[in-house]
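K.L.:
Handing you a structure now.
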DNA sequence: GATGAATGAGGCTTCATTCAT
DNA sequence: TATGAATGAAGCCTCATTCAT
């Protein structure tokens, strides 16, 4: 699951405490720099400087910009998951589940918006990172599809909805709206957004939306 | 409206017939090359070679790669609009309008998928192209918002739907789904996709979806 | 036969006169620099500077240091051959032939001694150039072997000499002696060297050496 | 005589037993690595890794790659001398002496061929190592010259042979032939090679070669 | 207009050597 | 002594852009 592992080529020996510290400094500096300048405009030079280490030190820990980026993305993924999971539990009814997921997604997105923008960028030209993102998307969509199908079997979702298409479409709706608001910076109100996305998601499937204000009890 | 104009710095004098031909060759070659190798991996060298003109000739017509890209995007936009507009007219009822728009969007997307992928890429790091895309998105969203508001005023759309959020969210749904299918290559059936997107779009707003099979009469 | 051709990757279009001039300047500068500093200590930077062209210009004509070196070696080979061939003809008797060949070899070596040193160096670590050198050696040795075998068949060369071993050994003698004198700089007199090498070469095979002074009539 | 001493800059204090062991490990690992990858492609990193000591430990014992190489060459020289000296003694006649020396040289060469190749390489660009090699050559050549002069004084060697030139030339013959066979890998039979080199060496000087088969009695 | 050579800044990577622990 | 992290100089190569013909 971590992105970095598969192709990590640099040092893998047990690092000393000092090494661990330097490595962490680099990862942190890399994230900061990526967020500030974007992936393409960030050079190894920039990262080293931000971490206040010598140019060559970078290569003690990472073989390339792509490699440290993968590491940053690993951290990002963990954080996204942590935030989404921290969302207070919901009732067992579909509307509650949808509300919670939507809320969790937007909050995680907001907390990491700058990196989400970069990740979007990198996914468009790095086959490897693109694949990672695609896989993550598929996993999320498949979970939604299964849930929708289950609900449909129980007669809660309209019969003419195709769970596979609905999962892709509604997942895209939430994901892309978050991008539009948090990355493109279109003005919006987060609570209202959560409420409306939940409403549209539910109604589209033929579900009764959660009672107003319920979506965002926090 | 054309993207290229505002900042075009290269030759703007009335071109000779030969000049026009060379320029057109370059734009065509550029698009081909961008589609084949992506924006980043395309060099001016590549474009000139593909157009079978000398390296320096490129600069007779364009000041940079970004500039010729803007020109390509202008062509792309025109083509998208043309395809969408060519979609056979629809009844005056909301569902028909939504069906027609969705159908048109997907067909135009399909016909230009490779460039859409590149455009998505470039928008993430070129402020200028990003702005162009953002403006186009805003225009589309604003049209949808107005329509939804109108329908809502006529009591056709649920009262708890906020037209602005719904326009952004449902527009994102259609746009991102097209990306997932046509660019990421997730398997799908186009007619089914049009039907389902239309269904979800309508239902989400509380509209009666068009009769089955109606969405794709062609 | 030219070393450069097989793997030349850089520009191969019909060069303009200007291009031809620049390319020639580079090759000449490269040879000068290699001779002065050796292959390893010569950087592309050095060559460009010596040719008084910009760094990047080098890459307009050559893909790497190895490639321009191959070009220099081609020139060298041609020159060696030319000098050896210019040696005045000899009588048909073995001793005359041996004298002429030895004389030609030493004179060609002397005229190109600095590059011979570099070539020796490069052959030890470049598989490609090493192979070129090996092939050249084999060709020379095979010619000698054939001549010795012929002379032996006519009873001119001792029966206990093995032509193959003798060709390798005596060829090595001449070649390495030239290296010792011209490259390592051991003191010697060229005419005396030619005379003695010829004498040893002939006597070793059991041939009557050429009359004294005859070896170097020039 | 040892090559390493003159310029050794690293620790020269009496080493502890552990220190001696580590140092020896490094020299051994260095030789192995040089043979495997050549001098140029061997990094200090490689040597340390092969010796299973830390990177920095190398510098506890050696100041540079060249320095440890000199140490390896010292070992090599000792080994060459040992093998040559181990050659069974010969009769007092010139032919026997020549046969024995030739035999010893080739056997020592064969036993150390990979390092001989590396040494040849390094001598072409390291002034220091080059000088070492040159000195060794001069010593060998001087011994030969003296012997040939002696034999000539006793009327055993042709009067028209110049001992100095003959020593250089015939020494080059044996040395370079060994290189051609053992390093370049040209096919040959070692016993036959010894026999033929001895034959050519003797005959060239006007000496009666040793009786056939005598050269290689072992 | 067209051509293609010339330029040089910018980014990447390696690795010998130094240094703190 | 041993360790291994830190340093930064040096070389490589690409490519957008300019310029002479």
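Chains as they are written, first to last, in my numbering: chain A, 16 to 233; chain B, 16 to 233; chain C, 16 to 233; chain D, 16 to 233.
Glycine residues also receive a C-beta, built at the ideal position from the N, C-alpha and C atoms.
Being a predicted model, the structure only gives us computed values, none of them experimental.
Strictly under 9 Å for the Cβ-Cβ distance: is residue 183 (chain C) near chain D by that measure?
P.N.:
For residue 183 (chain C), the answer is yes, since a Cβ of chain D falls inside 9 Å of its Cβ.
K.L.:
Report yes or no: is there a C-beta of chain B within less than 9 Å of the C-beta of residue 130 (chain A)?
P.N.:
No, its Cβ sits nowhere closer than 9 Å to a Cβ of chain B.
K.L.:
At 4 residues or longer, and completely inside the stretch 142-222 of chain B: list those alpha helix (DSSP H) runs for me, N to C.
P.N.:
DSSP runs (the alpha helix (DSSP H)) wholly in the stretch 142-222 of chain B: 142-168, 178-193, 205-220.
K.L.:
Just to confirm the assignment, what range does the alpha helix (DSSP H) spanning residue 109 (chain C) have?
P.N.:
109-126 is the span of the alpha helix (DSSP H), which, as asked, contains residue 109 (chain C).
K.L.:
Closest Cβ-Cβ distance between residue 231 (chain D) and chain C: below 9 Å?
P.N.:
Confidence at residue 231 (chain D) is low in this model, with a pLDDT of 44, below 50, so the placement of that residue should be treated as unreliable; the coordinate-derived value is given next. So, not an interface residue.
K.L.:
How big is the Cα-Cα spacing for residue 171 (chain D) and residue 88 (chain D)?
P.N.:
In a straight line, the C-alpha of residue 171 (chain D) is about 37 Å away from that of residue 88 (chain D).
K.L.:
Please report the straight-line C-alpha distance between residue 78 (chain A) and residue 183 (chain B), rounded to a whole angstrom.
P.N.:
One C-alpha to the other measures close to 41 Å.
K.L.:
In whole angstroms, what is the alpha-carbon distance linking residue 141 (chain A) and residue 123 (chain A)?
P.N.:
Distance between the alpha carbons of residue 141 (chain A) and residue 123 (chain A): 24 Å.
K.L.:
Suppose you measure from the CA of residue 81 (chain C) to the CA of residue 37 (chain C); what does that come to, to the nearest Å?
P.N.:
Going by the C-alpha atoms only, they are around 18 Å apart.
K.L.:
Which residue comes first and which comes last in the alpha helix (DSSP H) that contains residue 63 (chain A)?
P.N.:
Note, residue 63 (chain A): alpha helix (DSSP H), 59-66.
K.L.:
Using the beta-carbon of each residue, which ones in chain B are nearer than 7 Å to residue 199 (chain A)?
P.N.:
Result: 149.
K.L.:
Any beta carbon of chain D sitting closer than 9 Å to that of residue 16 (chain C)?
P.N.:
The pLDDT assigned to residue 16 (chain C) is 43, lower than 50, so where the model puts this residue is not dependable, and the model offers no usable value.
K.L.:
So what does DSSP say about residue 231 (chain D), is it helix, strand or coil?
P.N.:
Confidence at residue 231 (chain D) is low in this model, with a pLDDT of 44, below 50, so its placement is unreliable and no value can be given for it.
K.L.:
So that I know if they touch, is there some Cβ in chain A lying closer than 9 Å to that of residue 224 (chain B)?
P.N.:
With 9 Å as the cut-off, residue 224 (chain B) counts as an interface residue toward chain A.
K.L.:
Rounded to the nearest angstrom, what separates residue 33 (chain D) and residue 40 (chain D) at their Cα positions?
P.N.:
Spanning the two alpha carbons is a distance of roughly 11 Å.
K.L.:
Let me know if residue 71 (chain D) comes out buried or exposed under the rule of 16 or more other beta-carbons within 10 Å of its beta-carbon.
P.N.:
Looking at its Cβ environment, which holds fewer than 16 other Cβ atoms inside 10 Å, residue 71 (chain D) is exposed.
K.L.:
Does any residue of chain C have a CB that is nearer than 9 Å to the CB of residue 196 (chain D)?
P.N.:
Chain C contact via Cβ: present.
K.L.:
For residue 106 (chain A) and residue 112 (chain A), I'd like the C-alpha separation in whole angstroms.
P.N.:
Each residue's alpha carbon lies about 7 Å from the other.
K.L.:
Examine the Cβ distances between the stretch 158-176 of chain C and the stretch 195-215 of chain C and report whether three or more of them are shorter than 8 Å.
P.N.:
These segments do not touch.
K.L.:
With 16 other CB atoms within 10 Å as the buried threshold, where does residue 214 (chain D) fall?
P.N.:
The residue in question, residue 214 (chain D), is buried, as its Cβ has 16 or more Cβ neighbours within 10 Å.
K.L.:
Closest Cβ-Cβ distance between residue 173 (chain A) and chain B: below 9 Å?
P.N.:
Output row for residue 173 (chain A): interface = yes.
K.L.:
Sort D:173, D:103, D:110 by Cα distance to residue 119 (chain D) and report the nearest one.
P.N.:
Ranking D:173, D:103, D:110 by Cα distance to residue 119 (chain D) puts D:103 first.
K.L.:
Is any beta-carbon of chain A found at less than 9 Å from that of residue 20 (chain B)?
P.N.:
Note that residue 20 (chain B) has pLDDT 43, beneath the 50 cutoff, so the model's placement of it is unreliable and the number below is only indicative. No - not a single Cβ of chain A is within 9 Å of the one on residue 20 (chain B).
K.L.:
Just the chain B side, please: which residues come within less than 7 Å of residue 219 (chain A) by C-beta, in chain order?
P.N.:
In chain order: 215, 218, 219.
K.L.:
Would you mind sorting residue 204 (chain B) into buried or exposed? The rule is 16 or more other CB atoms within 10 Å of its CB.
P.N.:
By the neighbour-count rule (16 or more Cβ atoms within 10 Å), residue 204 (chain B) is not buried but exposed.
K.L.:
Sorted by chain position, which residues of the same chain lie with C-beta nearer than 7 Å to residue 66 (chain C)'s C-beta, five sequence neighbours on each side aside?
P.N.:
So the list reads 40, 41, 44, once near-sequence residues are dropped.
K.L.:
How many whole angstroms separate the CB atoms of residue 188 (chain C) and residue 92 (chain D), which I take to be in contact at a CB cut-off of 8 Å?
P.N.:
24 Å between Cβ atoms; not a contact.
K.L.:
Give the residues from the stretch 137-148 of chain C that approach chain D closer than 7 Å (Cβ to any Cβ), ordered along the chain.
P.N.:
Hits within the stretch, in order: 139, 140.
K.L.:
Just to confirm, are residue 121 (chain D) and residue 30 (chain D) a CB contact at a threshold of 9 Å?
P.N.:
No; because the gap between Cβ atoms is not below 9 Å, this pair is not in contact.
K.L.:
Does any CB atom of chain C fall closer than 9 Å to the CB of residue 71 (chain D)?
P.N.:
Closer than 9 Å: no.
K.L.:
Pair every Cβ in the stretch 147-166 of chain D with every Cβ in the stretch 152-160 of chain C, then say whether three or more of these pairs are closer than 8 Å.
P.N.:
Output reads no: the stretch 152-160 of chain C does not touch the stretch 147-166 of chain D.
K.L.:
Three or more C-beta pairs under 8 Å: does that hold for the stretch 130-139 of chain D against the stretch 43-59 of chain D?
P.N.:
Touching, per the Cβ criterion.
K.L.:
For residue 39 (chain D), name the three-state secondary structure that DSSP assigns.
P.N.:
Correct three-state label for residue 39 (chain D): helix.
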